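Residues 1 to 123 in our numbering are what the sequence shown lists, from first letter to last.
Every residue gets a Cβ at the ideal spot worked out from N, C-alpha and C, and that includes glycine.
Bear in mind that the values here come from a model prediction, so they are computed numbers and not experimental data.
Written out below as structure tokens is the structure these notes cover.
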Amino acid sequence: MLKEDGFSYCFDPQKCQSCGGKCCTGENGYIWIDEDEMSKLSRYLDLDIANFKSIFTYQVGVRFSLKEKEYNGGFACVFFNEKDLNCGIYEYRPKQCKTFPFWNYFKKNYNELEKECIGVKQL
1 MLKEDGFSYC
11 FDPQKCQSCG
21 GKCCTGENGY
31 IWIDEDEMSK
41 LSRYLDLDIA
51 NFKSIFTYQV
61 GVRFSLKEKE
71 YNGGFACVFF
81 NEKDLNCGIY
91 EYRPKQCKTF
101 PFWNYFKKNY
111 NELEKECIGV
121 KQL
């Protein structure tokens, strides 16, 4: 079980194998990705950074978000693997994804997190 200071819950990453990618799907929203993350991911995908940005991201002010695709009446990250029901770029996923479910938002919205993530448990 993973724990983070300041959070009243823990997380079992082994549950990810059976959840079906709920953290990658659902309502639409921003999936923030920074320049360094885009650079690493574009190299992994063998694309130059300009092509990567035009294919997989859109700009919101000065920031970039990964695009989403329609999925099961909602949305999914463009890199969500619909066959395996998991992240298709797991080793190269953005920090936002790496830090889930330990987001400050969920400190006050645990009930919402519990609906989204089967791996969390109150301490």
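Can you give me the start and stop residues for the beta strand (DSSP E) that residue i sits inside?
{"i": "Leu113", "result": "Run containing Leu113: none in the beta strand (DSSP E); it sits in the alpha helix (DSSP H), 110-116."}
{"i": "Lys121", "result": "120-122"}
For the alpha helix (DSSP H) that residue i lies in, which residues bound it at each end?
{"i": "Glu37", "result": "35-44"}
Label residue i either buried or exposed according to how many other C-beta atoms from any shown protein chain fall within 10 Å of its C-beta, with 16 as the threshold for buried.
{"i": "Pro13", "result": "exposed"}
{"i": "Ile31", "result": "buried"}
{"i": "Met38", "result": "buried"}
{"i": "Thr25", "result": "buried"}
Taking residue i and residue j to be in contact with their CB atoms under 8 angstroms, please state how far apart those CB atoms are, rounded to whole angstroms.
{"i": "Tyr9", "j": "Gln122", "result": "5 angstroms"}
{"i": "Lys3", "j": "Cys117", "result": "So it is not a contact: roughly 15 angstroms between Cβ atoms."}
Tell me whether residue i sits in a helix, a strand or coil according to DSSP, three-state version.
{"i": "Glu133", "result": "The structure shown does not extend to residue 133, since the chain is modelled only from 1 to 123, so the question has no answer here."}
{"i": "Asn72", "result": "coil"}
{"i": "Phe102", "result": "coil"}
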